[in-house]
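S.K.: Below is the structure I would like to discuss, written out as structure tokens.
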Amino acid sequence: MKLEYAVRIERLAESDGGGYLATVPDLPGCMSDGETPEEALKNVQEAIVSWTEAATELKQDISQGIEDVSAGRVREWDFAEFLRRAPRHQRRIPAIADEVRTAMQIMEGGCHCGRVRFKVTADLDAVTICNCSICSKKGIWHLIVPRERFELLSGKDDLATYQFNTKVAKHHFCKLCGIHPFYVPRSDPDKIDVNARCLDDFDELAITPRRFDGRNWEAAMEKKVPWR
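In structure tokens:
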């Protein structure tokens with residue numbers, strides 16, 4: 002029988018080697034890592050196979066994993082047997098994984114009238130504000146993600162685009178309500194820049210955004226930028 006499990010993906014601190022950690026809450030001790038969220042998700046699928054094989058051979062009821070987690074019981078055989086079977090690339094388990102600051106989230110958002118809707122997988126710890134002329138006037142809070150982590154759900158034909166100067170950036174906005182829910186940024190034209198303030202139920206008081214000196218764009222881009 003094929004089983005499906007929820008996977009939690011968290012960003013690791015640089016002191017833990019960086020990258021991302023993927024854990025399976027329903028399978029105690031089942032985890033893996035990767036340099037990117039996509040790699041961590043791919044690797045954890047192999048970890049799930051290792052975990053379930055160990056459980057089957059030891060005649061443990063896999064369905065009881067959820068009950069053990071809720072009851073605070075983590076069986077020793079789970080973790081030890083999983084580590085023995087796991088490929089070496091899955092064994093970089095940080096000692097302070099529970100101290101990871103933020104986690105990848107799947108979120109939806111859109112413009113004010115609701116015609117433009119999108120879904121994005123991102124880490125809100127990466128939210129950045131910029132003081133350049135257009136960002137200051139729009140009040141956008143930037144959340145830059147790879148294109149594969151962004152999906153336009155509706156409203157493609159309801160978007161218009163504004164460009165200026167270098168015309169690299171494509172500032173998309175809703176034709177009806179005028180809101181800018183996302184755009185293609187000049188800094189990373191191969192990615193999508195989501196306006197975090199357009200996310201559903203976004204609480205800006207719970208976020209401490211990073212800062213980028215867009216008024217001195219060229220000089221600022223030569224330094225380490227906050228979203229990379």
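Each residue of the sequence shown is one higher than the one before, starting from 2 at the first, in this note's numbering.
Just so it is clear, CB atoms sit at the ideal spot from N, CA and C, and this is done for glycine as well.
Could you please give me the residues that DSSP links to alanine 161 through a beta bridge?
M.R.: Partner(s): Phe174.
S.K.: Who does phenylalanine 203 pair with in a DSSP beta bridge?
M.R.: Looking at the DSSP assignment, phenylalanine 203 forms no beta bridge with any residue, so it has no partner.
S.K.: DSSP three-state call for alanine 221: helix, strand or coil?
M.R.: Reduced to three states, the DSSP call for alanine 221 is helix.
S.K.: Tell me the rounded alpha-carbon separation between isoleucine 193 and valine 185.
M.R.: 5 Å
S.K.: Report, in whole angstroms, the separation of the C-beta atoms of alanine 123 and methionine 108, which I expect to be a contact under 8 Å.
M.R.: 7 Å
S.K.: Looking at C-alpha atoms only, which residue of Met32, His113, Pro182 is the closest neighbour of leucine 153?
M.R.: Pro182
S.K.: Look at the alpha carbon of proline 38 and the alpha carbon of alanine 48, and state the distance between them as a whole number of angstroms.
M.R.: 15 Å
S.K.: Which partner residues of isoleucine 21 appear in the DSSP bridge assignment?
M.R.: For the record, residue 21 in the displayed sequence is tyrosine; it is not isoleucine. Arg12, Gly35, per the DSSP bridge assignment.
S.K.: Around the Cβ of proline 29, are there at least 16 other Cβ atoms within 10 angstroms (buried) or fewer (exposed)?
M.R.: buried
S.K.: So, is aspartate 34 buried or exposed, given that buried needs 16 or more other C-beta atoms within 10 angstroms?
M.R.: buried
S.K.: Give the range of the alpha helix (DSSP H) segment to which cysteine 131 is assigned.
M.R.: From DSSP, cysteine 131 is part of no alpha helix (DSSP H) but of the beta strand (DSSP E) over 129-131.
S.K.: So is aspartate 158 buried or exposed if we call it buried at 16+ other beta carbons inside 10 Å?
M.R.: exposed
S.K.: Go ahead and label aspartate 191 buried or exposed: buried means 16 or more other beta carbons lie within 10 angstroms of its beta carbon, across all protein chains shown.
M.R.: exposed
S.K.: Just to confirm the assignment, what range does the beta strand (DSSP E) spanning serine 155 have?
M.R.: 151-155
S.K.: Check each candidate in Thr162, Glu40, Lys43, Cys31 and name the one with the smallest Cα separation from glutamate 54.
M.R.: Cys31
S.K.: Using three-state DSSP, classify valine 146 as helix, strand or coil.
M.R.: If DSSP states are grouped into helix, strand and coil, valine 146 belongs with the strands.
S.K.: Which residue or residues does DSSP assign as beta-bridge partners of glutamine 106?
M.R.: Ala123
S.K.: Taking Cβ to Cβ, would you say arginine 212 is nearer than 8 Å to tryptophan 142?
M.R.: For arginine 212 and tryptophan 142, no; Cβs fall outside 8 Å.
S.K.: Hey, valine 226 and serine 188 are a contact pair by Cβ (cut 8 Å); roughly how many whole angstroms apart?
M.R.: 7 Å
S.K.: Considering just the uninterrupted stretch of the alpha helix (DSSP H) at isoleucine 135, what are its terminal residues?
M.R.: Its alpha helix (DSSP H) spans residues 134-139.
S.K.: Determine the direct distance from the alpha carbon of valine 121 to that of alanine 41, and round the result to whole angstroms.
M.R.: 17 Å
S.K.: Could you give the DSSP three-state label for valine 45: helix, strand or coil?
M.R.: Three-state DSSP puts valine 45 in a helix.
S.K.: Is asparagine 166 buried or exposed, if buried means 16 or more other CB atoms sit within 10 Å of its CB?
M.R.: exposed
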